[in-house]
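Reviewing the structure listed below.
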Amino acid sequence: MKKIIASILVFVMVLGLVACGGGGEDTDTEMINVGIIQQLQHGSLDEAREGFIAGLAEAGYEDGVNIAINYQNASNEVANCQQICELFANSNIDIVLAIATNAAQAAVNQFQDGDTPVLFTAVTDPVSAGLVDSNEAPGKNVTGTSDMPVIADQIAVIKDVLPEAKTLAILYTSSESNSEIQANEAKAAAEALGMEVIISTSSSTNDIPQVISSVVGQADAIYIPSDNAFAGAMATVNASAVENQIPVFCAVEAMIAEGGIATTAIDYYELGKQTAAQAVRIIEGEAASEIAVETQKDCALIVNDTFAKSVGVEIPAEILDKAATLY
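Number 39 in this note's numbering belongs to position 40 of the sequence shown; there are no gaps in the numbering.
Written out as structure tokens, the structure reads:
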């Protein structure tokens, strides 16, 4: 009886080895480790991240199945960006997505001399930020998508809503180089439409109410580019604008939703999916350095009529009729 039992146990063990691939072939799927560093949390950057993850899943790369996503938020601190990238470098990350300029700069500084490819998104001017040699030929193990808005169109929207506006205040954070680039382009566009321009900068989110108050009585409207600090403080912008009864126009939809009147904006979720398509090309063998930086060409009119009314602005009916999204 003991011999029979022993024989049965041996047979069961053999079956178990065969079922588990014990014949020598490893059937486990090799996981691809994806590190995502996001400069801070706000609507546009969140949408870019969500679109990226969705785009990967649509291409067959699903978190927890064949890729493992390590997501880190830097809370808009440059030092945190650097520490997160160091963490990624010590964590066998295979590919990095950096969302927004400071995060992208930290990632490129950390990985540019290694084999780990870096993707970026929600970066306005990758060349000026030092991320790539050119948008057409990145020249490094880096590529991604730019969120450079069509600023002239956005300034034209201000004139459409407020045809009598003579002076435009442009507000941005002094430490954000991409915001300065957009501000200069907005200034040229406004002057081309016959408006005078006041530029006022914030050094931190704490002084945003003071910066807004400083242009009250001098400007007929405010324009804010896709500035991360202002985007993260739109509740403060909204409150200050309503208190001072001054119209605010912003560059991106998430900012309009929280406290701006109107803009022509890109879709950050789709921008994230566009970046995911680049990631798939890299995963499947292409070099990041040979993939051109991409932009999103299709913009839609976004209008927040509720906020407009709160600052005493009546939006013309023809503009409301054209809005792709109306808040």
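Even for Gly, the Cβ is constructed at its ideal location relative to N, Cα and C.
These numbers come from a predicted model, not from an experiment.
- prompt: From the DSSP output, which residues share a beta bridge with residue 324?
  reply: DSSP, once it has assigned bridges, lists 301 as partnering residue 324.
query: DSSP state of residue 225, grouped into three classes?
result: When secondary structure is reduced to three states using DSSP, residue 225 falls in the coil class, being assigned neither helix nor strand.
- prompt: Over what stretch of residues does the alpha helix (DSSP H) that includes residue 183 continue unbroken?
  reply: DSSP places residue 183 inside the alpha helix (DSSP H), whose first and last residues are 176-191.
query: Residue range of the alpha helix (DSSP H) that residue 268 falls in?
result: Taken as a continuous stretch (DSSP letters only), the alpha helix (DSSP H) holding residue 268 covers 267-282.
- prompt: By DSSP, does residue 255 sit in helix, in strand, or in coil?
  reply: Of the three classes helix, strand and coil, the one that applies to residue 255 here is helix, per DSSP.
task: Could you check what DSSP says for residue 341 in three-state terms: helix, strand or coil?
output: There is simply no residue 341 to check, as the chain begins at 0 and stops at 326 in what is shown.
- request: Taking only the alpha-carbon atoms, compute the straight-line gap between residue 273 and residue 216 and give it to the nearest angstrom.
  value: Spanning the two alpha carbons is a distance of roughly 43 Å.
- request: Report, in whole angstroms, the separation of the C-beta atoms of residue 73 and residue 37, which I expect to be a contact under 8 Å.
  value: Confirmed, Cβ separation roughly 7 Å.
message: Can you give me the C-alpha to C-alpha distance between residue 161 and residue 220, rounded to a whole angstrom?
response: When rounded, the distance between both Cα atoms is 8 Å.
message: Using 8 Å as the threshold, is the C-beta distance between residue 233 and residue 195 below it?
response: At least 8 Å separates the beta-carbon of residue 233 from that of residue 195.
task: Taking only the alpha-carbon atoms, compute the straight-line gap between residue 224 and residue 296 and give it to the nearest angstrom.
output: Going from the Cα of residue 224 to the Cα of residue 296 covers about 17 Å.
query: By a C-beta neighbour count over all protein chains shown, 10 Å radius and 16 as the cutoff for buried, is residue 305 buried or exposed?
result: When all chains shown are included, residue 305 counts as exposed.
message: So residue 212 and residue 178 are supposed to be a Cβ contact under 8 Å. How far apart are they, rounded?
response: In fact, because the Cβ distance is near 20 Å, the residues do not count as touching under 8 Å.
message: Going by DSSP in three states, residue 6 sits in which element: helix, strand or coil?
response: Summary for residue 6: the model assigns pLDDT 41, below 50, so the residue's position carries little reliability; its value from the coordinates is reported in the next sentence. Residue 6: helix per DSSP, three-state reduction.
task: For the stretch 127-135 and the stretch 154-168, state whether three or more C-beta atom pairs, one from each stretch, are separated by less than 8 Å.
output: Cβ pair count under 8 Å is below three, so no.
message: Helix, strand or coil, according to DSSP, for residue 83 in the structure here?
response: Residue 83 falls in the helix class under three-state DSSP.
query: From residue 104 to residue 32, what does the alpha carbon distance come to, in whole angstroms?
result: Their Cα atoms are separated by approximately 20 Å.
- prompt: Going by alpha carbons, who is nearest to residue 114 out of 287, 307 and 301?
  reply: Residue 114 has its Cα closest to that of 287, out of 287, 307 and 301.
query: With DSSP run on the structure shown, which of helix, strand or coil describes residue 37?
result: Assigned with DSSP and collapsed to three states, residue 37 falls in strand.
task: Identify, in the order they occur along the chain, each residue of the same chain with its Cβ nearer than 7 Å to the Cβ of residue 269, setting aside the five sequence neighbours on each side.
output: Setting aside the 5 residues that flank it on each side, residue 269 is surrounded in the same chain by 50 and 295, each with a C-beta closer than 7 Å to its C-beta; the list follows chain order.
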